[in-house]
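First residue of the sequence shown: 621, per my numbering; consecutive thereafter.
Idealized CB from N, CA, C, for every residue including glycine.
This report refers to the structure that appears directly beneath it.
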Amino acid sequence: AEKARDSLRAAPIYLADDETVQSISASPSGRSALLFTSIPAKGRKPTIVPDWVTTSGYVTDITGRENVGDAQESGRVGLVDLPTGKVNWLSLVPGDSTAAPAWANPMGWNDAGTAALIFAVTKDFKRRILWRVDADKADKAGKADRAGKADEAGKADAVRLNALDSLRDTAWVDGPCFGCGGWLEGGKRAWYVSEADGWAHLYSVAADGSDKRQLTSGKWEVRGAEVSPDGKSFVLHTSEGSPYEQHAWQMSVEGGALTEVTPRTGRHQATVSPDGKLIADLFSTADRPPEIFVGPSRPGAELAQVTTSPTAEWLKGPWIDPAIISIKASDGVLVPAHIYRPQDLGAKPNGAAVIFVHGAGYLQNVMRGWSDYYSREYQFHHLLAAKGYVVLDLDYRGSAGYGRDWRTAIYRHMGGRDLQDEVDASRYLQAQYGIGPDHVGIYGGSYGGFMTLMALFTEGKHFGAGAALRSVTDWAHYNHGYTAEILNTPAQDSVAYRQSSPIYFAAGLDKPLLMAHGMIDTNVEYQDIVRLEERLIELHKTGWTLASYPVEDHGFVRPDSWTDEYRRILGLFERYLPVK
621 AEKARDSLRA APIYLADDET VQSISASPSG RSALLFTSIP AKGRKPTIVP
671 DWVTTSGYVT DITGRENVGD AQESGRVGLV DLPTGKVNWL SLVPGDSTAA
721 PAWANPMGWN DAGTAALIFA VTKDFKRRIL WRVDADKADK AGKADRAGKA
771 DEAGKADAVR LNALDSLRDT AWVDGPCFGC GGWLEGGKRA WYVSEADGWA
821 HLYSVAADGS DKRQLTSGKW EVRGAEVSPD GKSFVLHTSE GSPYEQHAWQ
871 MSVEGGALTE VTPRTGRHQA TVSPDGKLIA DLFSTADRPP EIFVGPSRPG
921 AELAQVTTSP TAEWLKGPWI DPAIISIKAS DGVLVPAHIY RPQDLGAKPN
971 GAAVIFVHGA GYLQNVMRGW SDYYSREYQF HHLLAAKGYV VLDLDYRGSA
1021 GYGRDWRTAI YRHMGGRDLQ DEVDASRYLQ AQYGIGPDHV GIYGGSYGGF
1071 MTLMALFTEG KHFGAGAALR SVTDWAHYNH GYTAEILNTP AQDSVAYRQS
1121 SPIYFAAGLD KPLLMAHGMI DTNVEYQDIV RLEERLIELH KTGWTLASYP
1171 VEDHGFVRPD SWTDEYRRIL GLFERYLPVK
């Protein structure tokens, strides 16, 4: 009996001294598992973020991240035969059996537990491979190895991995629903989302890598995808019909026509119940925060609202649904933007305008839905419009929502084509509203703060003042995962870093500038703005100020900090922009 019990126990697995388990994905059969580990970088030199205001009265240090190009943590992916504890470490980078991928993610097991899917991205971020891992082959290899049949074990080892799809990009691989994928028909086919044709679309492929099919197509994106509980259809969230809306659709797993489930204009995020009978829809419009609606899971069904998020005071408004316009850029491309006009709020124009630059870079903010990140800015723009300003909010090049070419237009030069779109917005304001460049303000946080600095340092003739919040000032001091995708690494591509970093262009500042930064920012660290501050001092620049927030991280959490920051931004614009 004791031997029988021992035979059911998984054998121990031993890792390197500094190696830790990141995640485990066990097969439905219980015989195999995928093991994902993490290995810290040798010679790791993390940044240090001082925490200035503490209960002890002493400054403490927060251990931060590595900078781009520094030694990064790695890891391994192993296929474990659970009864024996044998681990077959997988080579997920073609052509280099010793290299670890930059990113690897399990996508699930087939019903029989004989094969699993893994997405892996190479360290240069230019290739993503969808692997099929054959657990049954590893099983046979283990049995052959224990029986002393080395040749048979070697053959089984050689076919353990099969590449079902490979996506390459001369810039970097990414896009909406980038990690979406899984099995169909119990494991006969796999599905995934890819930008292979320049737009994020749904594909499927037979389990042996043959019969690849593109299931959706067009100049729109699949932003979310999952298989329905009965396995017969996809529930998709796409921008079909308009890049400014997101709707839920149903489509057979074999492809074909899409049936719209959420026809109401706005932004939808729908979830189907496990039994497939009900749907919960998180729905919003540009002037109303998200609410949950629930009802039958069928096209055209009436859904009942079950939440009310804003307060009665907030609902009194007045809140506007800002118009979406297109601004013709200098290269002929039409750039979408929200516009807030004084007349929308019954105000008299003051001869000035403000351009808001959203953060994150790869993010969409021009939508007929509530912003995930910029509800405060939405309200601030109402205040500005009520005071007479025209306000523009652009989805500049590099933003999400408009396909691969739009996404990668900033490759090797952040503050290049994206900034030119903001410059073209300033020209638009002059042409359409007679607002001269000295009366155009620009502001934004994080990537938007970086863009504001580049605007005033390199294109100051198009702007009258700017507020740069939590800004990157030197991309060589930012993190690896984000920056190395777009600019490669400083050692590989110093030109890209030199032309993309505001600190090298600070001599161009000749307009009023407000900078604001949290002092315990662990994302864009306070050191960034301090280095730029010193550079401005060395250059004998005047007309700039720095507001520091001692207890704030990258995203502020204290109402008094938000109030202080926006009071300063408004004060800057009120002082310098309106026509006197």
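When the Cα atoms are used, what is the spatial distance from residue 885 to residue 906?
Taking the sequence shown and counting its residues from 1, one reaches residue 885 at position 265. Taking the sequence shown and counting its residues from 1, one reaches residue 906 at position 286. If you take the alpha carbons of residue 885 and residue 906, they lie about 10 Å apart.
Which class does residue 995 belong to by DSSP, given the choice of helix, strand or coil?
Within the sequence shown, numbered from 1, the residue matching residue 995 stands at position 375. Three-state result, residue 995: helix.
Per DSSP, the bridge partner or partners of residue 917:
As a working note, residue 917 is residue 297 in the sequence shown. None, per the DSSP bridge assignment.
Buried versus exposed call for residue 674 [16 or more other C-beta atoms within 10 Å across all chains shown]
Taking the sequence shown and counting its residues from 1, one reaches residue 674 at position 54. Under this definition residue 674 is an exposed residue.
With a threshold of 8 Å on Cβ separation, who are the neighbours of residue 1194 within its own chain once the five nearest residues in sequence on each side are excluded?
Position 574 of the sequence shown, counted from the start, is the residue given in the question as residue 1194. Close CB contacts of residue 1194 within its chain, under the 8 Å cut and outside five residues either way in sequence, are with 1007 (chain order).
Should residue 799 be labelled buried (16 or more other beta-carbon atoms within 10 Å of its own) or exposed?
Numbered from its first residue, the sequence shown carries residue 799 at position 179. Under this definition residue 799 is an exposed residue.
In the DSSP output, which residue or residues are listed as bridge partners for residue 911?
Position 291 of the sequence shown, counting from 1, holds the residue named residue 911. Residue 911 is bridged to 903.
Look at residue 726 and residue 645 and say whether their C-beta atoms are less than 8 Å apart.
On the sequence shown, residue 726 is found 106 positions in, with the first residue counted as 1. On the sequence shown, residue 645 is found 25 positions in, with the first residue counted as 1. The Cβ atoms of residue 726 and residue 645 lie closer than 8 Å to each other.
With DSSP run on the structure shown, which of helix, strand or coil describes residue 815?
As a position in the sequence shown, residue 815 is number 195, starting the count at 1. It is coil, neither helix nor strand.
Neighbourhood of residue 661 by C-beta, 6 Å cutoff - its chain only, sequence neighbours within 5 removed:
Start at 1 with the first residue of the sequence shown, and residue 661 comes out as number 41. 691, 692 and 693, listed in sequence order.
If we count the other Cβ atoms within 10 Å of its Cβ and call it buried at 16 or more, is residue 721 buried or exposed?
By 1-based counting over the sequence shown, the position of residue 721 is 101. That one is buried.
For the segment 1118-1133 against the segment 1066-1085, are there 3 or more C-beta pairs whose distance is under 8 Å?
Segments in contact, yes.
For my contact list, residue 1010 and residue 959 are in at a C-beta cut-off of 8 Å; report their separation, rounded to the angstrom.
What you label residue 1010 is simply residue 390 of the sequence shown in a count that begins at 1. What you label residue 959 is simply residue 339 of the sequence shown in a count that begins at 1. The C-beta distance from residue 1010 to residue 959 rounds to 7 Å, short enough to meet the 8 Å contact threshold.
What separation, rounded to the nearest whole angstrom, lies between the Cα atoms of residue 748 and residue 972?
Within the sequence shown, numbered from 1, the residue matching residue 748 stands at position 128. Within the sequence shown, numbered from 1, the residue matching residue 972 stands at position 352. When only Cα atoms are considered, residue 748 and residue 972 end up about 47 Å apart.
CB-CB under 6 Å to residue 1028, same chain, minus the five flanking residues each way: which ones, in chain order?
Stepping through the sequence shown from its first residue, residue 1028 is reached at position 408. Same-chain partners within the cutoff: 791.
Looking at residue 858: is its Cβ nearer than 8 Å to the Cβ of residue 919?
Along the sequence shown, one-based indexing puts residue 858 at 238. Along the sequence shown, one-based indexing puts residue 919 at 299. Contact: no.
Can you tell me whether residue 717 is buried or exposed, with buried defined as 16 or more other CB within 10 angstroms of its CB?
Taking the sequence shown and counting its residues from 1, one reaches residue 717 at position 97. Exposed, because fewer than 16 other Cβ atoms sit within 10 Å of the Cβ of residue 717.
For residue 852, tell me which candidate among 961, 1013, 685 and 896 has the shortest Cα-Cα distance.
On the sequence shown, residue 852 is found 232 positions in, with the first residue counted as 1. The residue with the shortest Cα to Cα distance from residue 852 is 896.
Since residue 741 contacts residue 1103 with CB under 8 Å, what's their CB separation in whole angstroms?
Start at 1 with the first residue of the sequence shown, and residue 741 comes out as number 121. Start at 1 with the first residue of the sequence shown, and residue 1103 comes out as number 483. For residue 741 against residue 1103, the beta-carbon gap comes to about 15 Å, at or over 8 Å, which does not count as contact.
For residue 1158, count the other beta carbons within 10 Å of its own beta carbon; 16 or more makes it buried, fewer makes it exposed. Which is it?
Within the sequence shown, numbered from 1, the residue matching residue 1158 stands at position 538. Exposed is the label assigned to residue 1158, since fewer than 16 other Cβ atoms lie within 10 Å of its Cβ.
Cutoff 6 Å; reference residue 1101; Cβ partners in own chain excluding five residues on either side
Residue 1101 sits at position 481 when you count from the first residue of the sequence shown. In the same chain as residue 1101, and ignoring 5 residues on each side of it, no C-beta atom comes closer than 6 Å to its own.
Can residue 699 and residue 755 be called in contact, C-beta distance under 8 Å?
Locating residue 699 in the sequence shown gives position 79, counting from the first residue. Locating residue 755 in the sequence shown gives position 135, counting from the first residue. Yes, the Cβ-Cβ distance between residue 699 and residue 755 is below 8 Å.
The beta strand (DSSP E) spanning residue 1133 covers which residue range?
Locating residue 1133 in the sequence shown gives position 513, counting from the first residue. Annotation: the continuous beta strand (DSSP E) that includes residue 1133 extends over 1133-1138.
In this structure, does DSSP put residue 930 in helix, strand or coil?
For this step, residue 930 is matched to residue 310 along the sequence shown. Under the three-state reduction of DSSP, residue 930 is assigned to coil, being neither helix nor strand.
Considering only their Cβ atoms, is the gap separating residue 914 from residue 902 smaller than 8 Å?
For the purposes of this step, residue 902 is identified with residue 282 of the sequence shown, where counting begins at 1. For the purposes of this step, residue 914 is identified with residue 294 of the sequence shown, where counting begins at 1. No, these two residues do not count as a Cβ contact at 8 Å.
Between the Cα of residue 1279 and the Cα atoms of 1108, 1143 and 1182, which residue gives the shortest distance?
Beyond the ends of the chain as shown, which are 621 and 1200, falls residue 1279; an answer cannot be given.
Pull up the CB-CB distance for residue 1141 and residue 1174, whole angstroms please, since I reckon it's below 8 Å.
The residue given as residue 1141 occupies position 521 in the sequence shown. The residue given as residue 1174 occupies position 554 in the sequence shown. In this structure, residue 1141 and residue 1174 form a Cβ contact; the two beta carbons are roughly 5 Å apart against a cut-off of 8 Å.
Can you tell me the Cβ-Cβ gap for residue 856 and residue 844, rounded? I've got them flagged as a contact below 8 Å.
Here residue 856 is taken as the residue at index 236 of the sequence shown, counted from 1. Here residue 844 is taken as the residue at index 224 of the sequence shown, counted from 1. Correct: roughly 7 Å between the Cβ atoms.
Take residue 1055 as the anchor and find which of 974, 904, 808 and 1114 has the nearest alpha-carbon.
What you label residue 1055 is simply residue 435 of the sequence shown in a count that begins at 1. When only C-alpha atoms are compared, the closest one is 974.
Take every Cβ of the segment 1015-1023, pair it with every Cβ of the segment 981-989, and state whether three or more of those distances are shorter than 8 Å.
Contact check between the segment 1015-1023 and the segment 981-989: three or more CB pairs, one atom from each, fall below 8 Å, which counts as touching.
Fully enclosed by the segment 665-732, which beta strand (DSSP E) runs are 3 residues long or longer?
Entirely contained in the segment 665-732, the beta strand (DSSP E) runs reaching 3 residues are, in chain order, 668-671, 680-683, 697-701, 706-709 and 723-729.
Can you tell me whether DSSP reads residue 1170 as helix, strand or coil?
Here residue 1170 refers to the residue found at position 550 when the sequence shown is read from its first residue. Residue state, collapsed to three classes: coil.
Counting only runs that start and end within the segment 1011-1078, where is the alpha helix (DSSP H) found for 4 or more residues in a row?
Here the runs fully enclosed are 1024-1027, 1037-1053 and 1067-1078.
Considering only the alpha carbon of each residue, which of 948, 849, 1065 and 929 lies closest to residue 994?
Here residue 994 is taken as the residue at index 374 of the sequence shown, counted from 1. Measuring from the Cα of residue 994, the nearest candidate turns out to be 1065.
Return the residue from the list 1115, 1025 and 950 that minimises the CA-CA distance to residue 1045.
The residue you call residue 1045 lines up with position 425 of the sequence shown. Ranking 1115, 1025 and 950 by Cα distance to residue 1045 puts 950 first.
Can you tell me whether residue 978 is helix, strand or coil according to DSSP?
As a working note, residue 978 is residue 358 in the sequence shown. Three-state result, residue 978: coil.
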